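Following this line, the structure appears as structure tokens:
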């Protein structure tokens, strides 16, 4: 199974999205990347900022009118802010696009691999033996997040992960496959692979009380000896 791949290639990679060739017996089950439009809206908050900027422009125009200015003067005053706000939104959208096109998420039958980073590529290997579970957060059009719960003692700093981290989980950061298309199917692939590796019953993905949140509710078992997630840097 494969997800949406970014167009930009990383020539230094022996295999797409991976720092090295897979060992014998390991195979790729899914690869994908964030949807940059959803990333711009949900992670870089471009929609909220656009609304805020529109309110600021409107407030500026109302201020001019309140001071006795003409409608033309109010429009001219508001128009001065439009290019500044427009550039800010374009920069954030561009950052979202760069984040998506330099990211590769991989699920194999033994681990989750996250290759992230715009300037410096950083690869996180998350073996199933150090993953205790995962949550599924579903938004519109089937796009959503798959936050991963690491075993106790295994920790990656939130700032190192961002924006590929579950929002606001600062004390116990959770690596997250962010803004992935058809995320429900991706969660099923992950659940089956994780359960097969841990030799437990396949967890059922159940709808939670909130209509926009799904949770892989049974993704836990007795903790097994775990290796720590291993980050590896690579540059072009």
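Numbering (our numbering), first residue to last: 308 to 543. Where is the CB? At the ideal position from N, CA and C, for every residue including glycine. Bear in mind the structure is a predicted one, so any value in this text is a computation, not a measurement.
Run of the alpha helix (DSSP H) containing residue i, from where it starts to where it stops
{"i": "residue 411", "result": "It is not in any alpha helix (DSSP H) - residue 411 instead sits in the beta strand (DSSP E) that spans 411-415."}
{"i": "residue 439", "result": "Looking at the DSSP string, residue 439 is not in any alpha helix (DSSP H); the run it does join, the beta strand (DSSP E), is 438-441."}
{"i": "residue 495", "result": "490-505"}
{"i": "residue 343", "result": "343-349"}
{"i": "residue 339", "result": "No alpha helix (DSSP H) contains residue 339, which is instead part of the beta strand (DSSP E) from 335-339."}
Continuous beta strand (DSSP E) stretch holding residue i: start and end
{"i": "residue 402", "result": "Unbroken run through residue 402 is the alpha helix (DSSP H), 378-408; no beta strand (DSSP E)."}
{"i": "residue 431", "result": "428-434"}
Check: residue i C-beta below 7 Å from any heavy atom of the ligand NAP
{"i": "residue 354", "result": "With respect to the ligand NAP, the structure shown offers nothing to examine, as it has no ligands at all."}
Reference residue i, options the options, closest by Cα
{"i": "residue 597", "options": "469, 348, 419, 324", "result": "Since the first residue shown for the chain is 308 and the last is 543, residue 597 is missing from the structure and cannot be characterised."}
{"i": "residue 424", "options": "341, 337, 445", "result": "341"}
{"i": "residue 401", "options": "453, 347, 364", "result": "347"}
{"i": "residue 332", "options": "360, 415, 404", "result": "415"}
{"i": "residue 480", "options": "463, 470, 486", "result": "463"}
{"i": "residue 442", "options": "431, 469, 473", "result": "473"}
{"i": "residue 345", "options": "497, 493, 322, 489", "result": "489"}
{"i": "residue 325", "options": "355, 381, 431", "result": "431"}
{"i": "residue 436", "options": "502, 482, 465", "result": "502"}
{"i": "residue 439", "options": "339, 390, 365, 457", "result": "457"}
Residue burial classification, residue i (beta-carbon count within 10 angstroms, cutoff 16)
{"i": "residue 421", "result": "buried"}
{"i": "residue 526", "result": "Low confidence applies here, because residue 526 scores a pLDDT of 42, under 50, leaving its location unreliable; read the following figure in that light. Residue 526 should be labelled buried."}
{"i": "residue 519", "result": "The pLDDT assigned to residue 519 is 36, lower than 50, so where the model puts this residue is not dependable; a value taken from the coordinates is nonetheless given after this. Its Cβ having fewer than 16 others within 10 Å, residue 519 is exposed."}
{"i": "residue 386", "result": "exposed"}
{"i": "residue 410", "result": "buried"}
{"i": "residue 370", "result": "exposed"}
{"i": "residue 327", "result": "exposed"}
{"i": "residue 508", "result": "exposed"}
{"i": "residue 455", "result": "buried"}
Residue i - partner residues in DSSP beta bridges
{"i": "residue 330", "result": "Answer is none; residue 330 lacks a bridge partner."}
{"i": "residue 421", "result": "412, 431"}
Suppose only complete runs of 4+ residues qualify. What are the alpha helix (DSSP H) ranges in the stretch 441-493, listed by chain order? Correct list: 465-468.
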